[in-house]
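Taking it in order: structure first as structure tokens, then the write-up.
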Amino acid sequence: MSAYWDASTIATLHFQQQGWTTLRTLAEAAPRPCYSDFGFGEVVSAIGVQLRTRRADAAEGAEAVATLGELVDAWRHEALIGADIVRATAYLQHFALGLRLPDALHIAIAERLGLDLITADRRQAAAARALGVSVRTPLNEGA
Numbered sequence: 062m063s064a065y066w067d068a069s070t071i072a073t074l075h076f077q078q079q080g081w082t083t084l085r086t087l088a089e090a091a092p093r094p095c096y097s098d099f100g101f102g103e104v105v106s107a108i109g110v111q112l113r114t115r116r117a118d119a120a121e122g123a124e125a126v127a128t129l130g131e132l133v134d135a136w137r138h139e140a141l142i143g144a145d146i147v148r149a150t151a152y153l154q155h156f157a158l159g160l161r162l163p164d165a166l167h168i169a170i171a172e173r174l175g176l177d178l179i180t181a182d183r184r185q186a187a188a189a190r191a192l193g194v195s196v197r198t199p200l201n202e203g204a
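Below you can see the structure in the form of structure tokens.
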């Protein structure tokens with residue numbers, strides 16, 4: 062079954078952070094993993110942070126964005142829509158969950174699409190479960 066991947070998992074894959082091989086195996090086994098333009102933008106923002114903090118130069122940043130595009134090229138792309146923002150804002154009002162808007166948006170997108178949310182973020186995973194959204198945490202099994 063396809064699943065919706067949030068920015069934490071895409072970034073882990075792209076930057077080859079701890080656990081990236083687990084995610085690569087999961088992505089390769091899945092029928093067209095799904096991502097959003099919002100999640101893509103979050104990872105591009107992380108690349109921008111590397112440039113601003115001088116951990117990469119402009120050429121490396123451009124290459125990183127190109128490589129990111131190649132990573133998700135065969136994946137299913139979904140656009141963020143206004144209804145996702147409305148739903149995410151409703152989730153934010155469950156203050157005990159400690160959600161931030163980006164995490165709430167990923168939960169809302171996964172719910173709208175009827176897909177499991179794949180995340181590396183434990184707090185987001187717990188919030189998704191509390192909100193009745195199916196979630197998988199392949200890097201934090203049991204979380």
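Heads up, the sequence shown is in my numbering, so the first residue is 62 and it goes up one at a time. We put the beta carbon where it would ideally sit given N, CA and C, even for glycine.
If you draw a straight line from the alpha carbon of residue i to that of residue j, how long is it in whole angstroms?
i, j, result
"ILE48", "TYR152", "Nothing can be reported for residue 48: it is not among the residues displayed for the chain, which extend from 62 to 204."
"ALA204", "GLN185", "Low confidence applies to ALA204: its pLDDT is 45, below 50, so where it sits in the model is not reliable, and the reading given next is rough at best. Computed Cα separation, rounded: 10 Å."
"GLN111", "ALA117", "6 Å"
"THR149", "PRO163", "According to the sequence provided, residue 149 is Ala. The question's Thr does not apply to it. If I take the Cα positions, the gap works out to 9 Å."
"ALA187", "GLY193", "10 Å"
In terms of alpha-carbon separation, which member of the options lies closest to residue i?
i, options, result
"LEU200", "ALA120, GLY122, SER69, SER63", "SER69"
"PHE156", "GLY130, ALA191, VAL104, THR180", "ALA191"
"LEU174", "SER195, LEU162, ALA188", "SER195"
"GLU172", "ARG113, VAL126, THR82, ASP145", "ASP145"
With which residues is residue i paired in a DSSP beta bridge?
i, result
"ARG137", "CYS95"
"TRP66", "ILE179"
"VAL196", "LEU178"
Would you please state the rounded distance, in angstroms, between the beta carbons of residue i and residue j? I believe it to be under 8 Å.
i, j, result
"THR128", "HIS75", "7 Å"
Legend entry - Cβ pair count under 8 Å reaching 3, the stretch 63-79 against the stretch 100-111: Enough Cβ pairs lie closer than 8 Å, so yes.
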